[in-house]
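Structure, as structure tokens:
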Amino acid sequence: MRSESIPVKTVVIGGGAVGLLYAARLVLSGQSASVVTRSPLQAEQINRQKMSFHSLDGQVLPVPLAASPIEQGLPPGNLYLLAVKQNDLPGLLPFLREIPQNASILALQNGMGHQEWLAEKLPDRICYFGINAEGARRLSGTEVIHTGSGSLRVGPWNETAGPDPVISAFLDWARSVQIQATFEASIQPFAWRKLVANALINPLTAIFEVPNGALLENPYTVDLMRDLFVEAAAVANHHGQKLGETDWQEIFAICRNTSRNLSSMLQDVKRQRRTEVEAINGYLVQKGKEAGIPTPLHESLLRVILLKTSMGEEKVG
Ligand code: KPL
1 MRSESIPVKT VVIGGGAVGL LYAARLVLSG QSASVVTRSP LQAEQINRQK
51 MSFHSLDGQV LPVPLAASPI EQGLPPGNLY LLAVKQNDLP GLLPFLREIP
101 QNASILALQN GMGHQEWLAE KLPDRICYFG INAEGARRLS GTEVIHTGSG
151 SLRVGPWNET AGPDPVISAF LDWARSVQIQ ATFEASIQPF AWRKLVANAL
201 INPLTAIFEV PNGALLENPY TVDLMRDLFV EAAAVANHHG QKLGETDWQE
251 IFAICRNTSR NLSSMLQDVK RQRRTEVEAI NGYLVQKGKE AGIPTPLHES
301 LLRVILLKTS MGEEKVG
């Protein structure tokens, strides 16, 4: 961290792509960080064989990262990065309640709904939320590739809190390793835009099993994305987020900038893991229902992804 920043001891909760990416980059740049995994086997493997980090310029670096399984409780720290999927948060609630009062919490989930959930379950805390666009792919429980550089926007949800000293120091660190990190007094507009981008890109890439850029190469997928955008924008508008042509163009830019990325949902589908579709398209469908706004296309994508992941369990051959 910058010399005038306070020392930050980060505990990353979650050994998925994003958790390993941040943990590795912190350790490799000389910061104090450890990872807490849900799987005891993953913690054991990281401690035994070290993790490997594939940097953007193609180097493969060993990372002396310490890991522990969540069942052992949380190690001490002053910043807890929540890097598990949204639907894994409820199972971790007893541990989240153990986070020391003087530590900061930064939640990095995709989708929406967890912001209100955390506020309800941890009412005496201010949680910060990150919209992360740094790309990562997990090759195994001990190996992660940094697939693209992007931004990290951090802010509180409803409160008017500024960054606390730990969050400021973390953002200083992020900028020092070339992450375009900013503090946003109001993170909601960014969260809605990321939600809509994920609601278009992730399920389509997962269904057709193509990288993000391929969506733009076919007029049928572009048409479908447009209709999905119109449905999502109606829900967002109802919540005070006016989405327009610039936001539609921005989704194209995301597909272009991450053209060779496999979306996180496609990665989950390939590994037969539960996806984040409920937190993404499911959230839009739910909010649409509450407001009387029909979202049949998002509802179909939600169903197809749920079907696709459950059917995989029964595949033959
Ligand atoms: O956030 C992403 C994801 O894969 O979850 C995008 C922006 C689609 C990049 O792959």
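The UniProt record's numbering puts the first residue of the sequence shown at 1, with every later residue one more than the last.
Note that beta-carbon positions come from the ideal geometry of N, C-alpha and C, so glycine has one too.
Inter-residue spacing [alpha-carbon to alpha-carbon] between Glu299 and Gly282: Translated into positions along the sequence shown, residue 299 becomes position 299. Translated into positions along the sequence shown, residue 282 becomes position 282. C-alpha separation (whole angstroms): 7 Å.
Top-ranked residue by Cα proximity to Pro90, from Ala206, Glu231, Gly113 and Val63: Position 90 of the sequence shown, counted from the start, is the residue given in the question as residue 90. Here the closest residue by C-alpha is Gly113.
Reduced DSSP secondary structure (H/G/I, E/B, other) of Pro219: Counting from 1 along the sequence shown, the entry for residue 219 is found at position 219. Looking at Pro219 - three-state DSSP - the assignment turns out to be helix.
Through-space distance from Leu82 to Val12, alpha-carbon basis: As a working mapping, residue 12 is identified with position 12 in the sequence shown. As a working mapping, residue 82 is identified with position 82 in the sequence shown. Going by C-alpha positions, Val12 is about 6 Å away from Leu82.
Pick from Ile145, Leu215 and Gln286 that is closest to Ala23, judged by C-alpha positions: Within the sequence shown, the letter at position 23 stands for residue 23. Measuring from the Cα of Ala23, the nearest candidate turns out to be Ile145.
Proximal residues to Leu216 (C-beta, below 6 Å), its chain only, five neighbours per side dropped: In the sequence shown, residue 216 corresponds to position 216, counting from 1. Here the set comprises Cys255.
Coil, strand or helix - Cys127 by DSSP: The sequence position of residue 127 within the sequence shown is 127, counting from 1. Strand at Cys127.
Beta-carbon contacts of Ser5 that lie in its chain and below 6 Å, excluding the five residues immediately before and after: As a first step, residue 5 must be located in the sequence shown, where it is residue number 5. Excluding residues within five positions, the ones whose Cβ falls inside 6 Å are Ala169 and Asp172.
Alpha-carbon spacing of Pro165 relative to Arg25, whole angstroms: Numbered from 1 along the sequence shown, position 165 holds the residue referred to as residue 165. Numbered from 1 along the sequence shown, position 25 holds the residue referred to as residue 25. In a straight line, the C-alpha of Pro165 is about 20 Å away from that of Arg25.
Cβ-Cβ distance between Gly130 and Phe95 below 8 Å: Translated into positions along the sequence shown, residue 130 becomes position 130. Translated into positions along the sequence shown, residue 95 becomes position 95. No, the pair does not count as a contact, with Cβ atoms beyond the cut-off.
Cutoff 7 Å; reference residue 326; Cβ partners in own chain excluding five residues on either side: Outside the shown range of the chain, which is 1 to 317, sits residue 326, and nothing can be said about it.
Pick from Leu21, Gly292, Pro69 and Leu79 that is closest to Ser92, judged by C-alpha positions: The residue labelled residue 92 in the question sits at position 92 within the sequence shown. For the sequence presented, residue 92 should be read as Leu rather than Ser. Relative to the Cα of Leu92, the nearest Cα in the group Leu21, Gly292, Pro69 and Leu79 belongs to Pro69.
C-beta atoms of Leu61 and Leu28 nearer than 8 Å: In the sequence shown, counting from the first residue as 1, residue 61 sits at position 61. In the sequence shown, counting from the first residue as 1, residue 28 sits at position 28. Yes, the pair counts as a contact, with Cβ atoms nearer than the cut-off.
Spatial neighbours of Met225 in its chain, beta-carbon cut-off 6 Å, leaving aside the 5 residues before and after: Stepping through the sequence shown from its first residue, residue 225 is reached at position 225. Within the same chain, Met225 has close Cβ partners Leu200.
Lys85 versus Ala136: straight-line alpha-carbon distance, rounded: Sequence index remark: in the sequence shown, residue 85 carries index 85 (1-based). Sequence index remark: in the sequence shown, residue 136 carries index 136 (1-based). C-alpha separation (whole angstroms): 14 Å.
Closest residue to Arg271 among Gln115, Arg260 and Ser140 (Cα-Cα distance): Translated into the one-based positions of the sequence shown, residue 271 becomes position 271. Among Gln115, Arg260 and Ser140, the Cα nearest to that of Arg271 belongs to Ser140.
Rounded separation between Arg138 and Arg274 - CA only: What you label residue 138 is simply residue 138 of the sequence shown in a count that begins at 1. What you label residue 274 is simply residue 274 of the sequence shown in a count that begins at 1. So the two alpha carbons sit approximately 15 Å from each other.
Distance between Gly14 and Ser3 (C-alpha atoms, nearest Å): Position 3 of the sequence shown, counted from the start, is the residue given in the question as residue 3. Position 14 of the sequence shown, counted from the start, is the residue given in the question as residue 14. The pLDDT assigned to Ser3 is 46, lower than 50, so where the model puts this residue is not dependable; a value taken from the coordinates is nonetheless given after this. Approximately 29 Å, taken between the alpha carbons.
Touch test, the region 173-180 against the region 146-164, Cβ-Cβ under 8 Å, three pairs minimum: Segment contact: the region 173-180 against the region 146-164, three or more CB-CB distances shorter than 8 Å; contact assigned.
For Glu143, three-class secondary structure by DSSP: The residue given as residue 143 occupies position 143 in the sequence shown. Assigned with DSSP and collapsed to three states, Glu143 falls in strand.
Bounding residues of the alpha helix (DSSP H) (the contiguous stretch that carries Thr10): Taking the first residue of the sequence shown as 1, we reach residue 10 at position 10. Here Thr10 belongs to no alpha helix (DSSP H); instead the beta strand (DSSP E) covers Lys9 to Ile13.
Option in Arg38, Gln241, Pro7 and Leu20 with minimal Cα separation from Ser32: Taking the sequence shown and counting its residues from 1, the one referred to as residue 32 is at position 32. Residue Pro7 is the option with its Cα nearest to Ser32.
6 Å Cβ shell around Arg260 - same chain, five flanking residues per side excluded: Your numbering for residue 260 matches position 260 in the sequence shown. Cβ neighbours of Arg260 beyond the five flanking positions: Pro211.
Environment of Met311 [buried if 16+ CB atoms lie within 10 Å]: The residue you call residue 311 lines up with position 311 of the sequence shown. Looking at its Cβ environment, which holds fewer than 16 other Cβ atoms inside 10 Å, Met311 is exposed.
Beta-carbon spacing of Val285, Ala206 below 8 Å: Working through the sequence shown from its first residue, we reach residue 285 at position 285. Working through the sequence shown from its first residue, we reach residue 206 at position 206. No, these two residues do not count as a Cβ contact at 8 Å.
C-alpha gap between Ala66 and Phe53, whole angstroms: By one-based count along the sequence shown, residue 66 stands at place 66. By one-based count along the sequence shown, residue 53 stands at place 53. Rounded to whole angstroms, Ala66 to Phe53 spans 14 Å at the Cα level.
Under 8 Å between C-beta atoms of Val235 and Lys287: On the sequence shown, residue 235 is found 235 positions in, with the first residue counted as 1. On the sequence shown, residue 287 is found 287 positions in, with the first residue counted as 1. Yes; because the gap between Cβ atoms is below 8 Å, this pair is in contact.
Three-way DSSP call (helix, strand, coil) for Gly155 in this model: The residue given as residue 155 occupies position 155 in the sequence shown. In this structure, Gly155 counts as strand in the three-state DSSP scheme.
Same chain, Cβ closer than 7 Å to Glu245, neighbours up to 5 away in sequence not counted: The count along the sequence shown starts at 1 and reaches residue 245 at position 245. Nothing listed; no residue qualifies.
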